[in-house]
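Visitor: Sharing a structure here in structure tokens format.
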Amino acid sequence: MGPDETEPQPASAIEAPSETIGSEQPAEDQRSDIERERDELKAIAQRTQADFVNYKRRVDGERTLIARSATGNVLVRMFPLIDDLQRAVEALPEDAPASWAEGVSLILANMRTLVEAEGADAFEPAPGEVFDPAQHEAVYYEPTAAQPPGAVVSTVRVGYRSGERVLRAAQVVVAREAEPAAGDG
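According to my numbering, the sequence shown is numbered sequentially starting from 510.
And the structure:
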């Protein structure tokens with residue numbers, strides 16, 4: 510034999526791989542540990558993904574609420590301007606130039622269209638409607654027999670709402686019991 514050749518060893522000299530090597534666990538135990546760890550990591554990943562989806566949904570909802578609130582705040586500041594324009598249209602003198610009257614009316618119509626486009630609707634309680642403090646603001650009480658006590662007599666200023674949310678309560682006159690005549694007692 511040459512110096513580069515190694516002598517073949519008998520088959521008994523080659524050790525067969527053992528199920529356990531040193532202090533290591535048997536292969537089956539290692540496999541179950543790896544599968545258990547994989548399942549735990551998979552569960553953690555699923556929970557993290559669900560948490561992220563919930564977080565994203567919550568942030569989107571909060572963003573919508575913030576935008577709606579900001580829009581509502583701007584609209585509330587526009588309502589007095591609409592009221593003023595309405596009073597200006599109602600107080601136009603008969604001898605006012607037609608172009609001026611049309612211009613003021615057009616501005617009022619455009620303001621109302623803008624408010625409606627942003628989701629706000631004007632509401633005016635009808636006479637006889639039951640007073641609702643969530644939607645109405647009582648300006649004063651009027652003794653009358655024409656309406657039952659606690660009913661709206663008239664509307665002083667229209668209200669506005671966006672969906673179910675009242676942006677500005679309607680100002681109303683509320684009926685109260687009529688006082689008996691002086692000779693009835």
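By construction, the Cβ of each residue, glycine as well, lies at the ideal position given by its N, Cα and C atoms.
(1) Kindly identify the DSSP beta-bridge partner or partners of Glu646.
(2) Who are the Cβ neighbours of Ala545 in its own chain at under 8 Å, not counting the five residues just before and after it?
(3) Alpha carbon to alpha carbon, what distance is there between Pro658 and Asp592?
(4) Pick helix, strand or coil for Phe632, following the three-state DSSP scheme.
(5) Nearest-angstrom Cα distance between Pro642 and Val585?
(6) Taking His645 as the reference, which of Val667, Ala610, Glu571 and Gly672 has the closest Cα?
(7) Look up Glu651 in the DSSP assignment and give the residues it is bridged to.
(8) What residue ranges within the segment 548-630 form continuous alpha helix (DSSP H) runs of no fewer than 4 residues, ordered along the chain?
(9) Within the same chain, show all residues whose beta-carbon is closer than 7 Å to that of Glu627, passing over the 5 residues directly before and after it, in chain order.
(10) Could you compute how far the alpha carbon of Thr622 sits from the alpha carbon of Arg547?
(11) Three or more C-beta pairs closer than 8 Å, one from the segment 588-608 and one from the segment 681-691: is that the case here?
(12) By Cβ distance below 7 Å, which residues in the same chain neighbour Arg677 in space, the five residues on each side in sequence not counted?
(13) Gly668 lies in the beta strand (DSSP E); which residues open and close that run?
Guide: Quick look at the numbers:
(1) Residue mapping note: residue 646 aligns to position 137 of the sequence shown, counting from 1. Looking at the DSSP assignment, Glu646 forms a beta bridge with Gln680.
(2) Taking the first residue of the sequence shown as 1, we reach residue 545 at position 36. It should be pointed out that residue 545 corresponds to Arg in this sequence rather than to Ala. Nothing meets the Cβ criterion.
(3) Stepping through the sequence shown from its first residue, residue 592 is reached at position 83. Stepping through the sequence shown from its first residue, residue 658 is reached at position 149. About 28 Å.
(4) Counted from its first residue, the sequence shown places residue 632 at position 123. Strand at Phe632.
(5) Numbered from its first residue, the sequence shown carries residue 642 at position 133. Numbered from its first residue, the sequence shown carries residue 585 at position 76. So the alpha carbons of these two residues sit roughly 18 Å apart.
(6) As a working mapping, residue 645 is identified with position 136 in the sequence shown. With distances taken between Cα atoms, His645 lies closest to Val667.
(7) Taking the sequence shown and counting its residues from 1, one reaches residue 651 at position 142. Bridge partners of Glu651: Ala684.
(8) 607-626
(9) Locating residue 627 in the sequence shown gives position 118, counting from the first residue. Contacts found: Thr580 and Leu584.
(10) Along the sequence shown, one-based indexing puts residue 622 at 113. Along the sequence shown, one-based indexing puts residue 547 at 38. Taking the straight line joining both Cα atoms gives about 60 Å.
(11) no
(12) Looking up residue 677 in the sequence shown gives position 168. Excluding positions up to five away in sequence, the list reads Val585, Phe588, Gly668 and Tyr669.
(13) Taking the first residue of the sequence shown as position 1, residue 668 is located at position 159. Per DSSP, Gly668 belongs to the beta strand (DSSP E) from Gly668 to Ser671.
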